[in-house]
Amino acid sequence: MTMIQKPPRSPGSALPADPARPAGPGPHSPGRHESHAAVPLRDVHVRITDWFAESARDLPWREPSCSPWGILVSEVMLQQTPVVRVLPVWRDWLERWPSPAHLAAEPAGAAVRHWGRLGYPRRALRLHAAATAMVAGHHGEVPRTYEGLLSLPGVGTYTAAAVAAFAFGRRETVVDTNIRRVHARLFGGTALPAPALTAAETRRAVELLPDDDALSVRWNAGVMELGAVVCTARSPLCDACPVLDACAWVGAGRPAPDYVPKGQAWAGTDRQVRGAIVAVLRDADTPVPRSVLLEAPVDLGMGAGAVLVPDALSALHRLRAPAEQLDRALAGLLADGLAEEADGGLRLPG
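Quick note on the working numbering: the sequence shown kicks off at -11 and runs consecutively.
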């Protein structure tokens, strides 16, 4: 397994430069993608990977002892979810299910129950399905290649490339939001990448990838980290950037973005209502009657005759979602496999 944690280096040492490249205007030639300061690409590679070696956050999925399964779980959990929220859930999952076989032996509902408050709980179902597929077709192991990873249910191109690179040291083009933003500023001179990934961005990422396998892994991890902690979307810390003098965006005077990113709405959305219903099902030991989900129990607060309302159920009804929205949310959860009907009520999938 490839180590992308901070490697020990002697003071003043540098990561090795790229291996010699063919002459001519190939995709990795230094003349391609040079900055306003004309810093050769190979120097950009070394600066960012040096910075990563010295400054990367200590995260458990970067430890040498972390398994490919742990890396896969982290990549799925980190999609659209901050590291600080992922850490406790990731640790719980790896303690509870240290291998794909351990998760596959549990019902899918257990994955959803222990997904906590990460949001987008379909990811838990996808991880369970992927674990089941690994047990059935890969001897219980995480596939070692991009193609093998992509064959797993719920694993897309980004996750397949990231796991192939970070767990197995393969030279793959990893492109996430942070990497796209760094590429856009450093090489494109724009404040933000396009609203959606374009073919041109993918071609640029391929051209920027070092030829050497080990260096390509550190490059992917380093650019991703740079975008996460320095080259952030709203308040970039340019003075802390290891390639500040090479940045085309800085050289152009830091022009404003040509569009305003739209944050995802939450309050009042079907997604909020679905999350509240899943929270009720997660806390329940038995199927929850549909009527309890649709109508708030009456609590008169009169001693022994009072109705005790669980916190999750109270939170659901405090949303005051209209009946049609509750019906729609329930139907969606059933259709997505995040809930099932049993014994006159609803529960997490068994």
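Beta carbons: idealized from backbone N, C-alpha and C, even for Gly.
Element boundaries [alpha helix (DSSP H), containing residue i]
i, result
"Arg335", "Careful: Arg335 lies outside any alpha helix (DSSP H), inside the beta strand (DSSP E) at 333 to 335."
"Glu135", "134 to 138"
"Ala340", "There is no way to answer for residue 340, as the model of the chain reaches only from -11 to 338."
"Gly215", "201 to 217"
"Ser62", "56 to 65"
"Arg360", "Outside the shown range of the chain, which is -11 to 338, sits residue 360, and nothing can be said about it."
"Leu91", "88 to 92"
"Arg363", "This structure cannot speak to residue 363, because the chain is shown only from -11 to 338."
Nearest neighbour of residue i, chosen from the options [CA to CA]
i, options, result
"Ala228", "Pro249, Ser43, Val143", "Ser43"
"Ala112", "Leu138, Trp85, Leu301, Thr145", "Trp85"
"Ala330", "Thr274, Pro298, Ala193, Trp254", "Thr274"
"Asp299", "Arg270, Gly325, Leu321, Val238", "Arg270"
"Thr69", "Ala96, Gly332, Gln252, Glu283", "Gln252"
"Leu336", "Leu138, Trp254, Pro224, Val266", "Val266"
"Glu83", "Leu318, Pro48, Phe154", "Pro48"
"Asp200", "Pro28, Val34, Val27", "Val34"
"Ala184", "Val268, Ser53, Pro249", "Pro249"
"Pro245", "Pro95, Ala182, Glu94", "Ala182"
"Leu66", "Arg105, Ala284, Pro198, Leu334", "Arg105"
"Asp31", "Gly325, Ala323, Pro230", "Pro230"
"Gly332", "Val280, Ala172, Ala93, Glu63", "Val280"
"Val61", "Pro277, Ala172, Trp81", "Trp81"
Helix, strand or coil at residue i according to DSSP, with G and I counted as helix
i, result
"Pro28", "coil"
"Val248", "coil"
"Pro48", "helix"
"Pro277", "strand"
"Gly241", "coil"
"Trp39", "helix"
"Gly338", "coil"
"Gln68", "coil"
"Thr165", "helix"
"Thr178", "coil"
"Gly291", "Reliability fails at Gly291, whose pLDDT of 45 lies under 50, so the model's placement of it is uncertain and the value that follows must be treated cautiously. Here Gly291 sits in helix by DSSP."
"Ala149", "helix"
"Glu189", "helix"
"Val266", "helix"
"Ala323", "helix"
"Val143", "coil"
"Val194", "helix"
"Pro76", "helix"
"Cys229", "coil"
"Trp254", "coil"
"Ala234", "helix"
"Val34", "helix"
"Trp81", "helix"
Same chain, Cβ closer than 7 Å to residue i, neighbours up to 5 away in sequence not counted
i, result
"Gly215", "Asn166, Ile167, Arg169, Val170"
"Ala292", "Bear in mind that a pLDDT of 45 at Ala292, under 50, signals an unreliable position, so the model cannot answer this."
"Ala121", "Leu140, Pro141"
"Ala264", "Ala303, Leu304, Leu307"
"Thr37", "Leu3, Leu203, Arg206, Trp207, Gly210"
"Leu232", "Cys226, Val238"
"Ala309", "Val261"
Contacts around residue i, its chain only, beta-carbon distance under 8 Å, and the 5 residues preceding and following it disregarded
i, result
"Ser87", "Ser55, Trp57, Gly128"
"Tyr134", "Ala148, Ala149, Ala152, Arg158, Glu160"
"Gly136", "His126"
N-terminal and C-terminal residue of the beta strand (DSSP E) that residue i is part of
i, result
"Ala98", "Note, Ala98: premise wrong, no beta strand (DSSP E); alpha helix (DSSP H) at 96 to 101."
"Ala330", "328 to 330"
6 Å CB neighbourhood of residue i in its chain, flanking five on each side removed
i, result
"Glu213", "Phe40, Ala44"
"Ala89", "Val123, Gly128"
"Phe156", "Arg132"
"Gly12", "In this predicted model, Gly12 has a pLDDT of only 32, less than 50, meaning its place in the structure is not dependable enough to derive any value."
"Gly107", "none"
"Arg197", "Checking the displayed sequence, the identity of residue 197 turns out to be Leu instead of Arg. Cβ neighbours of Leu197 beyond the five flanking positions: Thr161, Ser204."
Near the ligand GTP: residue i beta-carbon under 7 Å from a heavy atom
i, result
"Glu42", "Questions concerning the ligand GTP fall outside what the structure shown contains, since it holds no ligand whatsoever."
- Are the stretch 151 to 162 and the stretch 203 to 213 in contact at 8 Å, needing three or more beta carbon pairs? yes
- Message: Would you call the stretch 297 to 315 in contact with the stretch 68 to 86, where contact means no fewer than 3 C-beta pairs closer than 8 Å?
- Response: no
- Task: Tell me, please, whether the stretch 251 to 271 touches the stretch 185 to 199 by the rule of three or more beta-carbon pairs shorter than 8 Å.
- Result: no
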